[in-house]
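Protein chains in written order, with this note's numbering: chain V, -19 to 331; chain A, 629 to 850.
Every residue gets a Cβ at the ideal spot worked out from N, C-alpha and C, and that includes glycine.
As structure tokens, the structure follows; a few thoughts come after it.
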Amino acid sequence: MSRDEPLVLGIETSCDETGIGIVRGRTLLSNTIASSMDEHARYGGVVPEVAARAHLEALQPAIEAAVADAGIRLEDLDAVAVTSGPGLAGALMVGVGAAKALAVSLDKPLYAVNHLVGHIAADLLTGEEVEYPTVALLVSGGHTSLLLVRDLVSDVEMLGETMDDAAGEAFDKIARILGLPYPGGPEIDRVAATGNPEAIRFPRGLSRASDMATRRYDFSFSGLKTAVARWVEQHEADGVDIADVAASFREAVVDVLVTKALDACARHDVPRLLLGGGVIANRRLRDVALERAAAAGVAVRIPPLSLCTDNGAMIAALASELIRGGRPASTLDFGADSTLPVTEIQVAVSA
Amino acid sequence: MILSIDTSLGTAVAVVEADGVVRAEVSSDNPLGHAEVIGTLVQTALAEAAHGAIGATAAASPVDVTHVATGMGPGPFTGLRVGIAAGRAFALGRALPVIPVPSHDAAALAILLADPFAEMPRFGVVTDARRREFAYSIYEGLDDDGLPIRVAGPALIPRDQIDAVLAEHGAARRDVTAIPATMIGLVAARALAAGRDLAGAEPLYLRAPDVTLPSAPKRVGT
Ligand SMILES: [Zn+2]
């Protein structure tokens, strides 16, 4: 770690995690996360207003904790970074307001960056050599996106994304149908452990030949959700084996994610696949991805889970790369952009 | 000097001295776009406090911010939070204390100071709370610390009931569409001098988060 590398604090508030990260260059110094997940549990999903209130409460203590954890002083920072989007607008605004004021207070440059590209930047903090181009599959409660990354700071292409629910949301909704608590991912995983993934053949969204012609890399989980709900309804009378339903549902999700991701690798002649997002915690997804990628000759990278879920370190890491690449800071003239396209890696770049 | 921020209606930023002398005041009346403008407004306020308003030729005088005052609402939540988050982060950056101020107190002080010699009857500060509701607080004069005496509120009321409520309190209606950040600063200065806390750390939301509870989980299984 060189003292010449930029020392950056990143603020991430796009969903239900208040993430404050501090990096020096590509070295992780702190990854502090305050989650409001427990507050959403009784609602069965992330409630935007609850998340935004929690961000405001958590922000200051999280910054203080991160600074202490990293063993730095705020005035030592070379830059402040923040997620401008995509995400929940009201939640993003808390981070944007705080980041701007912190940058002005410290008289440091501010980098406003893209959350999805941040997920890719998280991989830089693993300390391993990262190679581009790579295909990236980002799966969480907020997004399901397939990206082609030719260059982290200048060339990221959206190949496809979900047309309805994010994969994580699908897990939450199916968990509810099965009477399991929130968040659904770990619950489905737990129950599916004893189930037969081939017991029920649930539909793979947007995988028919006609879909593959027009929506090859897009995802849809609403049909799957309906199919599971209907199956449960029809079999309720004679008793439903939740384990089989959970395992078969999970298999349908995993299958479609991995199939499309590896198809993207093959079609773009990119033998590398990066996985990111909180749903990567799902062991079955990782196992199937690793197994099928190996068969296809594709190398898979999976950062540690603490860097896969939403966090501020990935935002700081992306800004650090922008700085290392000589990019100018952002102006103070930007807002929260809930639908920020992935091609906008940095927003409000100064002239 | 106190850096004051309020985003309960528009976005307002000021720098005031402890005795109330205004060094800078900038604002945007836009009821949206708080996150877009907050950084520039804080930066501009600090620059104006040092150099005078744009175009002024006075030599720069140092700006020594000692406190940050934040308007705590009531106001539409999404915008309200931006100013509070910004105030806290600015304070954190320079290790300064934050003084939370009920936004209506600042509006009331502005009304009471507009004509200090007038005998001001009891009045109600009324602001937009969206969703066909108003937020209101009732005030009557200044106390010995020079702070507005709040006798009721802040509270929410359906718009068509505001006049009846004000009549009950015997209060004149004062609709307010902008909170002056200078008055946030002055209220904070007076509270500080008197050693009083006027608000807690929690914004004056006055409304529980809007949630639609999912229907009861369907129970299946053997
Ligand atoms: Zn994410």
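| Is Cys(-5)(V) near ligand 1, with its Cβ less than 8 Å from a heavy atom? | It does: the Cβ of Cys(-5)(V) is within 8 Å (strictly closer) of some heavy atom of ligand 1.
| Residue-level contact to chain V via CB, Lys846(A), 9 Å cutoff | In this prediction, Lys846(A) has a pLDDT of 43, which is less than 50 and means its spatial position is unreliable; nothing more can be read from the coordinates.
| message | For a cutoff of 9 Å on Cβ pairs, would you count Gln214(V) as touching chain A? | response | no
| Does Ala806(A) have its Cβ less than 9 Å from a Cβ in chain V? | Not one chain V Cβ lies under 9 Å of Ala806(A).
| Rounded to a whole number of angstroms, what is the C-alpha to C-alpha distance between Gly661(A) and Ala316(V)? | 9 Å
| query | To the nearest angstrom, how far is it from the Cα of Cys245(V) to the Cα of Val97(V)? | reply | Taken atom to atom, the span from the alpha-carbon of Cys245(V) to that of Val97(V) is near 18 Å.
| Should Asp152(V) be labelled buried (16 or more other beta-carbon atoms within 10 Å of its own) or exposed? | buried
| message | At 3 residues or longer, what runs of the beta strand (DSSP E) sit wholly inside the stretch 774 to 828 of chain A? | response | Unbroken beta strand (DSSP E) stretches of 3 residues or longer found wholly inside the stretch 774 to 828 of chain A: 776 to 786, 800 to 803, given in chain order.
| query | Is Gly774(A) near Val753(A), with beta carbons less than 9 Å apart? | reply | no
| Ends of the beta strand (DSSP E) at Pro728(A)? | 726 to 729
| request: For the stretch 166 to 193 of chain V, enumerate the residues whose C-beta is nearer than 7 Å to any C-beta of chain A, in chain order. | output: none
| request: Can you pull the chain V residues whose beta carbon is under 7 Å from the beta carbon of Gly638(A), in chain order? | output: Under the 7 Å cutoff, chain V gives no residues; its nearest Cβ is about 14 Å from Gly638(A).
| Using DSSP with H/G/I as helix, E/B as strand and the rest coil, what is His95(V)? | helix
| task | Quickly, what does DSSP pair Asp317(V) with across the bridge? List them, please. | result | Bridge pairing for Asp317(V): absent [DSSP].
| message | Could you check whether the stretch 644 to 654 of chain A touches the stretch 102 to 116 of chain V, counting it as contact only if at least three pairs of C-beta atoms, one from each stretch, sit closer than 8 Å? | response | no
| said: Would you say Asp838(A) lies against chain V (beta-carbon separation less than 9 Å)? | reply: yes
| message | Using 9 Å as the threshold, is the C-beta distance between Ala146(V) and Gly164(V) below it? | response | no
| field | Own chain, CB closer than 8 Å to Val268(V), minus 5 neighbours either side, in chain order | value | Val234, Asp235, Val238
| query | Would you report the Cα separation of Phe229(V) and Pro177(V), rounded to the nearest angstrom? | reply | 8 Å
| request: Express the C-alpha separation of Val115(V) and Thr206(V) in angstroms, rounding to a whole number. | output: Cα to Cα, Thr206(V) sits roughly 30 Å from Val115(V).
| Name the chain A residues that come within less than 7 Å of Val27(V), Cβ to Cβ? | Pro837, Val839
| Any beta-carbon of chain V closer than 9 Å to the one on Thr850(A)? | Any reading at Thr850(A) is ruled out, since the residue's pLDDT is 35, under 50, leaving its predicted position unreliable.
| Closer than 9 Å to chain V by CB, Ile777(A) | Between Ile777(A) and chain V, the shortest Cβ-Cβ separation is not below 9 Å.
| query | If Gly148(V) sits next to Val30(V), beta carbons under 8 Å apart, how far is it from one beta carbon to the other, in whole angstroms? | reply | 17 Å between Cβ atoms; not a contact.
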